[in-house]
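Number of protein chains: 4
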Amino acid sequence: MSLNDEQKAEIEALRAQSAPTRRATVPALEEMLYTARPVLDHGFVRVIDYMGDDAAVVQAARVSYGRGTRKVSEDAGLIRYLLRHRHTTPFEMCEIKYHVKLPIFVARQWIRHRTANVNEYSARYSILDREFYLPAPEHLAAQSASNRQGRGMVLEGQEAMEVLDLLRDDAMRAYDHYAWMLNEGGEGEVVDPGRRGLARELARMNLTLNTYTQWYWKTDLHNLLHFLSLRADAHAQYEIRAYAEVMLESVAAWVPATYAAFVDYRLGAVTFSAAMLAVVTRMLAGEAVEQKGSGLSKREWDEMMGALGRG
Amino acid sequence: MSLNDEQKAEIEALRAQSAPTRRATVPALEEMLYTARPVLDHGFVRVIDYMGDDAAVVQAARVSYGRGTRKVSEDAGLIRYLLRHRHTTPFEMCEIKYHVKLPIFVARQWIRHRTANVNEYSARYSILDREFYLPAPEHLAAQSASNRQGRGMVLEGQEAMEVLDLLRDDAMRAYDHYAWMLNEGGEGEVVDPGRRGLARELARMNLTLNTYTQWYWKTDLHNLLHFLSLRADAHAQYEIRAYAEVMLESVAAWVPATYAAFVDYRLGAVTFSAAMLAVVTRMLAGEAVEQKGSGLSKREWDEMMGALGRG
Amino acid sequence: MSLNDEQKAEIEALRAQSAPTRRATVPALEEMLYTARPVLDHGFVRVIDYMGDDAAVVQAARVSYGRGTRKVSEDAGLIRYLLRHRHTTPFEMCEIKYHVKLPIFVARQWIRHRTANVNEYSARYSILDREFYLPAPEHLAAQSASNRQGRGMVLEGQEAMEVLDLLRDDAMRAYDHYAWMLNEGGEGEVVDPGRRGLARELARMNLTLNTYTQWYWKTDLHNLLHFLSLRADAHAQYEIRAYAEVMLESVAAWVPATYAAFVDYRLGAVTFSAAMLAVVTRMLAGEAVEQKGSGLSKREWDEMMGALGRG
Amino acid sequence: MSLNDEQKAEIEALRAQSAPTRRATVPALEEMLYTARPVLDHGFVRVIDYMGDDAAVVQAARVSYGRGTRKVSEDAGLIRYLLRHRHTTPFEMCEIKYHVKLPIFVARQWIRHRTANVNEYSARYSILDREFYLPAPEHLAAQSASNRQGRGMVLEGQEAMEVLDLLRDDAMRAYDHYAWMLNEGGEGEVVDPGRRGLARELARMNLTLNTYTQWYWKTDLHNLLHFLSLRADAHAQYEIRAYAEVMLESVAAWVPATYAAFVDYRLGAVTFSAAMLAVVTRMLAGEAVEQKGSGLSKREWDEMMGALGRG
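This is the structure in structure tokens:
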């Protein structure tokens, strides 16, 4: 992550400001506000603003005139109840806004979550930074043999080196040509008065998908938890999971009771189908059930056994 | 609007709290926070929380590291440009939350705006207040003769009196029977130990549609402006317009530059069809155009002439 | 359910029409098209239109040029996989449209599902039918003693009779006064030339919440399944569950492979929290776990034991 | 656009199928079904399925038991009224599904329309085709001098040639390296048994943004018209406008009455702000208004004069 001096100064100016407010305020999240938390090689996540806290969930669930909260333990109990029974609307009453810098191929996965507000840096209007994602050696993985959309073992030796070289060289060359076609100068480029320069909205098509973009992304707590339950999951691609994990920390600071319930009822939870439940019931009754005859496919059986720690 | 002493105390407690925050803060809206602003005979609108300000719109449009604002006049100019060209996403970066008390038939219109978060007081779970909307004499209007979904002249004399008596008596009787069927006591009711009492989720069906309900309603600035452009409009039913007008005041306090642009480009604006434009162009060229031969229907002609102040 | 002769003729005319189409077509759903299936005492559900079938789910998942399907068993396997792993977007590729007649208090629950398209019969514009819901004796239940938003035992004898009389009389009186205030004649009403008549948008406020309304409601298969998983559930209020159950039958006819997967992975499935999983794992290892010391609350323990058939 | 023989056969098989249906059917759109209509150099748009027609809009607006239509002229009049007054919900009752092949940088603009259902070809799971967009000479434009997000004059001579060479070479090299890193063979590639091959979800990051992707995209008629009003507009980037224009033709075939109203009230319409209206009114009264003293900025003045054909 490379912030220039002007950007650092802007962030410091925001952090230095303080005003009194009557709104719900969370000191632990205030402490994080505006700071860029690094992700991958050049990306970051910054919390820009928030609205509400654990008590706002309770307040909305009770449609109360005041804060609506009682004892801390009662509030946490209500929050657990709401999350367990998927009464999701009270969690929609909290809102958070992030500034994120991320590779374009990650942005393309992320944007599929439609229930959010987004303003992306426009490459029609502006020129993108000369930054692209290159996997660290331990993330340079081969295709998984068993899972058509997953990774397997890490590449090593010559192959790893060659792959990294290709990724770096192609991204740099594509960017250099992007800058040349624009013919707008900047970073050591000299404007050639003999060329008009290609329109920005066209030149960008030459960039590779690991080029970094950035956006403001805002969503409510319910939709954020849904995003995180999918993207902080072991099946998510590593590069988006890296962002989800940093965002989880902001949730823990912001709404600790909701976060604890989320860890128990979502991140750590497992859904058993009707057929799986029947198998577990038989097993609990002391029966020795095998996959054959269980009514489950091999794949379902393995998923269930994995969840029960018998994988 | 009748708040009881406990509710007033809860509101005062919220207004008395203050905490320092690094977030964007709007003193004019802080001043309104939590206070119940009366609407109709028993309803109210309270601002409960907000996120962002005019500068947050600019900040998101520029995807900037700091506030992203320059001179006040430049920021206002950008906001006007965004609103005029329907670049709506930066306005989605601000969020506001209201607590509203409103008659059920108004709530049914309001809820059709889907891009919002809502927690309504549950009559499955709790008992509704004994409050119902009765129109003030000047709002007791006859069906419009010209518009199948509008109002015409105000009812007068004997008819007005009889209508008001019916509305009041039916609402009160329905509520009395609701309370009797529940058999849960409260407000001078005595519990009859010989009756089980009807389930709340069933008893509520006896209430009339002018009974008041309440909810927490949260939305972003773009969707709020869309709601207000439809509901603060002269074609909206008076009873929902009354709410929209109070909410407009909170927008004016919260985001004054956006509000000014909204008044110019939405509330006071008119859209001319291709055919209307052709007529205006001919008129500007000095031609005396009549409805017959204009290519416009009588109704379109009247709408256009009304917009041009020649109605 | 009472359709008049004109309505029956309109429905018959629609059912009599037939045209050749290249689109995906489902004979079992065609057979149901337009027919009103009764729900509650005066309500109904009619399938008006649909788009897609099981194969369209497969086609979208594969982004194929043709139908994208292979053997029936492979397609069903893919559908099961998608549903199990909550890959929900392919199910959004099918769409269905219903015409529903339902009591207003049911409509108010239903409309909270925002991801749908709705056109409701407008009582601002038109006059509602003289029909209201009265529970059958076996559904006239007392408040639950254990669940603040549920029903307990059925009311009996004198109390049941009195409650039914009140519900019927209040609904009829409110409707009679509604018709009188409108002063528009119809159904034995005589227009009184000495009265202007109250505007429809106002008069409707006198109706009780068990009055029937109707709407066109359209949604995609993913959101329909979500709706049904909540509303066909035992915790849903009986009156909306009655609609959900009829709609489930249309899903079974329309997309049988999706329906089968839905029954296994949603309707019959249970989600165990991390703490519950730990308990099940200990029990499977032969340990005698009790609620005390399980880390689960009494309520969670009961829910888990209920799911395991040990309630 | 290059469909291989297998794809052509699959499309022909779909076009050859026919089944009787009771649903609303539109012969003019049936005629287009499944056929790939070329866009840009390798892209296409295919209509895959649809639901509803002009009459379905009327039917929903009237919440009728039958088709709800009367005379063709009355129906068209109602549709015009609905569109003019932005009563948008009846248009949500029609749905259409497209299969689209498009460059990734176009897909990134398109996806910002959130109210749609999308299934994109997954480059985590599959290998993308070796196809990328190269602008035709007449679309190879310089940056606009006056508009920061628009195009100006066309590039010519040496510069045009060099730009095209760079775009082609970089895209081809990036794709070749993508294929090499995957090490999965195909199209003349030989698998190297000495390399594991990079995971697909990583290798894709090497592709340039003009690489073609494809998706199934489904939306309702209201949201489609909104999409088209923005993307078939002169301010839209040419490459997405090319798709919008082809889709407009499918709308004209599908719902001709809605299409005609859309052309008049949206595509050809202009919104005047309160300040602009005041100016037009003064001009119609014979006053010679100049920009200075009009209350309009230079930019607004030019936009208004342009709309009035006096640009």
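Residue numbers (the numbering used here), protein chains in the order written: chain P, 30 to 340; chain Y, 30 to 340; chain F, 30 to 340; chain A, 30 to 340.
By construction, the Cβ of each residue, glycine as well, lies at the ideal position given by its N, Cα and C atoms.
- By the Cβ-count criterion, S302 of chain A is buried, with 16 or more other Cβ atoms from all chains shown falling within 10 Å of its own Cβ.
- Considered as a whole, the region 265 to 324 of chain A harbours 267 to 283, 285 to 291, 303 to 313 as its complete alpha helix (DSSP H) runs of no fewer than 4 residues, in chain order.
- Within the region 121 to 144 of chain F, E121, M122, E124, K126, H128 place their CB atoms closer than 8 Å to a CB of chain A, listed in sequence order.
- In the three-state DSSP reduction, M210 of chain P falls in the helix class (H, G or I).
- Neighbourhood of L306 of chain A in chain Y, by CB distance below 9 Å: G297, A298, V299, A336, L337, G338, in chain order.
- Taking a Cβ-Cβ cut-off of 7 Å, the neighbours of R229 of chain P in chain A comprise Q172, given in sequence order.
- In the DSSP assignment, Y79 of chain F forms a beta bridge with F:I125.
- Closer than 8 Å to the CB of P164 of chain Y there is at least one CB belonging to chain F.
- Contact with chain Y is found for A90 of chain P, since one of that chain's Cβ atoms lies less than 8 Å from the residue's Cβ.
- The beta-carbon distance between F161 of chain Y and N235 of chain Y, rounded to whole angstroms, is 13 Å. This is too long to meet the 8 Å contact definition.
- Comparing C-alpha distances from G97 of chain P to each of Y:Q36, Y:V55, Y:M276, Y:E319 shows the shortest one belongs to Y:Q36.
- Beyond the five residues adjoining it in sequence on each side, L169 of chain A comes within less than 8 Å, by CB distance, of V183, L184, A189, V192, L193 in the same chain, given in chain order.
- N148 of chain F and P119 of chain A do touch by the CB rule: their CB atoms are close to 6 Å apart, below 8 Å.
- Under the Cβ distance rule, V219 of chain F does not count among the residues neighbouring chain P, no pair being separated by less than 8 Å.
- One alpha carbon belongs to V308 of chain P, the other to V129 of chain A, and they sit about 44 Å apart.
- Taking the C-beta atoms as reference points, A145 of chain Y is found nearer than 8 Å to W246 of chain Y.
- F:D249 is the residue among F:D249, F:D199, F:S258 whose C-alpha sits nearest the C-alpha of D83 of chain F.
- Residues of chain A whose Cβ lies closer than 8 Å to the Cβ of M80 of chain F are, in chain order, D78, Y79, M80, E124, K126.
- Residue environment analysis places S31 of chain F among the exposed positions, since fewer than 16 neighbouring C-beta atoms fall within 10 angstroms of its C-beta.
- A check of alpha carbon separations from F73 of chain Y across Y:L196, Y:Y79, Y:T64, Y:M334 identifies Y:T64 as the nearest.
- Scanning A:L254, A:S47, A:E329, A:D331 for the CA closest to the CA of L296 of chain A turns up A:L254.
- Secondary-structure assignment with DSSP links Y241 of chain F through a beta bridge to F:P132.
- The Cβ of D293 of chain Y sits closer than 8 Å to at least one Cβ of chain A.
- For A45 of chain F, the three-state secondary structure derived from DSSP is helix.
- Residues of the same chain with a CB within less than 6 Å of the CB of I40 of chain Y, apart from the 5 flanking positions on each side, are Y63 in chain order.
- Neighbourhood of Y272 of chain P in chain Y, by CB distance below 9 Å: empty, with the nearest CB roughly 17 Å away.
- In the pairwise beta carbon analysis, the region 207 to 215 of chain A is classified as touching the region 223 to 232 of chain A: at least three pairs are separated by under 8 Å.
- In this structure, the straight-line span from the alpha carbon of A304 of chain F to that of E274 of chain P is close to 22 Å.
- Annotation for R229 of chain A: the continuous alpha helix (DSSP H) segment containing it runs 229 to 232.
- Residue pairing for V74 of chain Y: DSSP places it in a beta bridge opposite Y:R66, Y:V129.
- Less than 8 Å divides the Cβ of D78 of chain A from the Cβ of G81 of chain F.
- Taken through DSSP and simplified to helix, strand or coil, K100 of chain F comes out as coil.
- One Cα belongs to G215 of chain F, the other to L157 of chain F, and the distance between them is close to 12 Å.
- Within chain Y, the residues placing a beta-carbon under 7 Å from that of E188 of chain F are R224, R225, ordered along the chain.
- Contacts with chain P at 8 Å (Cβ-Cβ) include S302 of chain F.
- DSSP lists A:T240 as the beta-bridge partner residues of F161 of chain A.
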